[in-house]
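In my numbering, the protein residues as written are 3 to 721.
Each residue gets a CB set at the ideal place from its N, CA and C atoms; glycine is no exception.
Predicted model, so just to flag it, every value in this text is computed and none were measured.
To start, the structure under review is shown below, and the notes come after it.
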């Protein structure tokens, strides 16, 4: 007898009947006792599954003596009626309960048939079967209606995607990604009405039908250079315009008539998908001003049109090119960014100005707390003792490239009328003066005494007096961007006769942003298979793919534009999969994939990634297929000379796995990729094996673009 709890976790299925029971789209369950009374049920317009007193299922055509019991944690599809005879209600009710617990739609109805008279039993079964079948058909009709509507929407979306891809391919030129703008849009809030009633645009935005990843330069075609001084700002970002992924800011007078190459401050990072390019104009006062007038031909305007005279915007978008490709390009001026001071490990980097030993002596004498300490709000609390010099030193606060550093000093309310003298200065972190309390004290005294020699020996310094209950900002300005890491020191001299409390807050640095036009190593991105559709095919060629598909009765390889994954199907007696031509760029150091067999009854499967030499096997596809199958089946013991690297993973059905090829040295030249699948279970039913995108990591050098030649995309590297 089976485990009485079996119906809570699964059902027993005769293994010879499993595929038929779980593959049927419509079926009824009939107890074996009732089936004997009813006789031949082959005339029913649906599949019939029998169950015995143990609850084991088998198809009506299988042998009733099968002994094996297989516990299946799944529900058969399309069961709309469970029928049994008198005395078999308990096991039938358990089956119905199993469907309820698994949220089956619909839950099958239960029919208990009086089997005392055979003819009457058949009639009663028919009376139960027909309404259940009718209800099932009504549900199917409703579902099909919804699916038809969904498919229509998906088909429309797929057609739109195909149109966009076709337009994008037509717009790609031999020297890199480029596109001609056929129209422009004025974003909301970026338009004004001029004095003559004309609409004036302060920004133009255009969606780009290319992937933004790796774009590091744009070329604008200017018809009428702008005479008004100001800044032209070019940004690239996602469609919602909520953030900028890359930008360039140049003087409007720097743009000349004709093509203008503009190198962005940095390449667009690891993002996939299309986006928008925005061109804006700001006057010198950083106020948005008209970029162009849409109607007034006499207005001084900055015009962007097609050089062929079509009257539309013209633009080229460049991917991954080195700066040497644009020797005379307009480059954005250095941008200065302000950011809070790095407070990581703040307590470890904060020191009393003259060291821990002297602080301990002063604390003991004053019977008080720390003379400098970090507080929960991120500020630094300070105590200045009467007639003493105090303060703090913050180690490694100033990084290379810093222009200024500022800190707000706030004096707490007190009854002291005397001013507190303050000083701030920077000193290289390796300077031995910081380690010698006496030398540092002499330096501080010299600064308070306005000693010119002491100031001349420091990268930067500032002294200021702080009156009673006031706040002041100490800003340290360097002659140029700093070249080394430095400590910042804040000194306080209290000439009064009582202790004074202060706090230091709002510490910030102004730094020059490093301008980068190449990828930062390593450059990583995920490529969806829909984007690779034109360069993916069956691994052994299209003709072999058609032959394999005809043998299976359905396609052995396909890429879904709508659901954005690639599907491969295993073969009964060999290797199957897909090949990507030239999709792995020079400089590649890693390629990974996420995979899953879509159905619970699919086989245990082996997924493989093979990085192979560009064009390998094109001359002799049959020999290539034999070599690959032998290599995989023998466990990779003898590697063919065209295989550069490989990785594989064994999977169970309905489990997701990530695996990857890791290269010790960057790929020297573009290569092809094989995505293989092999059944490890001896069967291939329900075995769509899905690939959910490729993750590529490319070294910093060797950023690439794609070049269209004769309608086929080929990779190309720029050095």
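Where the beta strand (DSSP E) containing residue 492 begins and where it ends = Locating residue 492 in the chain shown gives position 490, counting from the first residue. Segment 488-495, the beta strand (DSSP E) holding residue 492.
Chain-order list of residues whose beta-carbon lies under 7 Å from that of residue 654 (same chain, five-residue window excluded) = As a working mapping, residue 654 is identified with position 652 in the chain shown. In chain order, 606 place their CB closer than 7 Å to the CB of residue 654, counting only its own chain and leaving out the 5 sequence neighbours on each side.
Shortest alpha-carbon distance to residue 30 belongs to which of 60, 82, 53 and 36?
-> In the chain shown, counting from the first residue as 1, residue 30 sits at position 28. Comparing Cα positions, the closest option is 82.
Do you know offhand how far residue 434's Cα is from residue 398's?
-> On the chain shown, residue 434 is found 432 positions in, with the first residue counted as 1. On the chain shown, residue 398 is found 396 positions in, with the first residue counted as 1. Taken atom to atom, the span from the alpha-carbon of residue 434 to that of residue 398 is near 14 Å.
Report yes if the C-beta distance between residue 616 and residue 697 is below 7 Å; otherwise report no.
-> Residue mapping note: residue 616 aligns to position 614 of the chain shown, counting from 1. Residue mapping note: residue 697 aligns to position 695 of the chain shown, counting from 1. No, Cβ-Cβ distance for residue 616 and residue 697 is not below 7 Å.
Mind checking residue 393: buried by the 16 CB within 10 Å criterion, or exposed?
-> Here residue 393 is taken as the residue at index 391 of the chain shown, counted from 1. Burial call: buried.
Which partner residues of residue 654 appear in the DSSP bridge assignment?
-> By 1-based counting over the chain shown, the position of residue 654 is 652. Its beta-bridge partners do not exist; DSSP assigns none.
Using the C-alpha atoms, what's the distance from residue 490 back to residue 669?
-> Counting from one through the chain shown, the residue named residue 669 turns up at place 667. Counting from one through the chain shown, the residue named residue 490 turns up at place 488. Distance between the alpha carbons of residue 669 and residue 490: 45 Å.
Whole-Å CB distance - residue 691 paired with residue 611, under 8 Å assumed = As a first step, residue 691 must be located in the chain shown, where it is residue number 689. As a first step, residue 611 must be located in the chain shown, where it is residue number 609. Not confirmed; about 13 Å, so no contact.
Going by other Cβ atoms of all chains shown within 10 Å of its Cβ, with 16 needed for buried, is residue 522 buried or exposed?
-> Locating residue 522 in the chain shown gives position 520, where the first residue counts as 1. Note on residue 522: pLDDT 43, under 50, position unreliable in the model; the coordinate value appears next. By the 10 Å Cβ count, residue 522 comes out exposed.
Who are the Cβ neighbours of residue 618 in its own chain at under 6 Å, not counting the five residues just before and after it?
-> In the chain shown, the residue the question calls residue 618 occupies position 616. These residues qualify, in order along the chain: 644.
Would the stretch 406-424 and the stretch 491-499 be scored as touching if the rule is three or more Cβ pairs under 8 Å?
-> The stretch 406-424 vs the stretch 491-499: in contact.
Drop a sphere of 10 angstroms on the beta-carbon of residue 513, count the other beta-carbons inside from all chains shown, and report buried for 16 or more, exposed for fewer.
-> Here residue 513 corresponds to residue number 511 of the chain shown, with the count starting at 1. By the Cβ neighbour-count rule, residue 513 is buried, with 16 or more other Cβ atoms within 10 Å of its own.
Do residue 139 and the ligand ATP come close, with the Cβ less than 6 Å from some heavy atom?
-> Among the components of this structure there are no ligands whatsoever, and the ligand ATP is therefore not found.
Identify every run of the alpha helix (DSSP H) within the stretch 401-463, keeping only runs that are complete inside it and at least 4 residues long; order them along the chain.
-> Whole alpha helix (DSSP H) segments, 4+ residues: 439-450 and 454-458.
Hey, is the stretch 371-387 in contact with the stretch 432-452, meaning 3+ C-beta pairs nearer than 8 Å?
-> Fewer than three Cβ pairs drawn from the stretch 371-387 and the stretch 432-452 lie within less than 8 Å of each other, which leaves the two stretches out of contact.
Cα-Cα separation between residue 388 and residue 415, rounded to whole angstroms | In the chain shown, counting from the first residue as 1, residue 388 sits at position 386. In the chain shown, counting from the first residue as 1, residue 415 sits at position 413. Taking the straight line joining both Cα atoms gives about 16 Å.
CB residue 85 to CB residue 113, shorter than 7 Å?
-> What you label residue 85 is simply residue 83 of the chain shown in a count that begins at 1. What you label residue 113 is simply residue 111 of the chain shown in a count that begins at 1. Closer than 7 Å, so yes.
Stretch-stretch touch, CB-based, cutoff 8 Å, three pairs: the stretch 575-584 with the stretch 533-544 | Yes: the two stretches touch, three or more of their Cβ pairs being nearer than 8 Å.
So the beta strand (DSSP E) residue 644 belongs to, where does it begin and stop?
-> Locating residue 644 in the chain shown gives position 642, counting from the first residue. Taken as a continuous stretch (DSSP letters only), residue 644 belongs to no beta strand (DSSP E), as it is neither H nor E.
Starting from residue 567, follow the beta strand (DSSP E) in both directions and report where the run begins and ends.
-> Taking the chain shown and counting its residues from 1, the one referred to as residue 567 is at position 565. Where residue 567 is concerned, the enclosing beta strand (DSSP E) stretches over 567-570.
On the premise that residue 217 lies in contact with residue 270, defined as a C-beta separation below 8 Å, what is that separation, rounded to the nearest angstrom?
-> Sequence index remark: in the chain shown, residue 270 carries index 268 (1-based). Sequence index remark: in the chain shown, residue 217 carries index 215 (1-based). Contact between residue 270 and residue 217 is confirmed by a C-beta separation of about 5 Å, below the 8 Å threshold.
In the DSSP assignment, what are the bridge partners of residue 340?
-> Here residue 340 refers to the residue found at position 338 of the chain shown. According to DSSP, which records beta bridges pairwise, residue 340 is partnered with 512.
Going straight from the alpha carbon of residue 683 to that of residue 47, what length do you get?
-> By 1-based counting over the chain shown, the position of residue 683 is 681. By 1-based counting over the chain shown, the position of residue 47 is 45. Going by the C-alpha atoms only, they are around 33 Å apart.
Proximal residues to residue 631 (C-beta, below 7 Å), its chain only, five neighbours per side dropped = In the chain shown, residue 631 corresponds to position 629, counting from 1. 576 and 577.
In terms of DSSP beta bridges, what is residue 598 paired with?
-> Taking the chain shown and counting its residues from 1, the one referred to as residue 598 is at position 596. Paired residue(s): 692.
Does the pairing of the stretch 359-367 with the stretch 402-409 give three or more beta-carbon distances under 8 Å?
-> Touching, no, given that fewer than three Cβ pairs across the two stretches are closer than 8 Å.
Cut-off 7 Å between Cβ atoms - residues of its own chain near residue 312, not counting five sequence neighbours on either side | Residue 312 sits at position 310 when you count from the first residue of the chain shown. Any reading at residue 312 is ruled out, since the residue's pLDDT is 38, under 50, leaving its predicted position unreliable.
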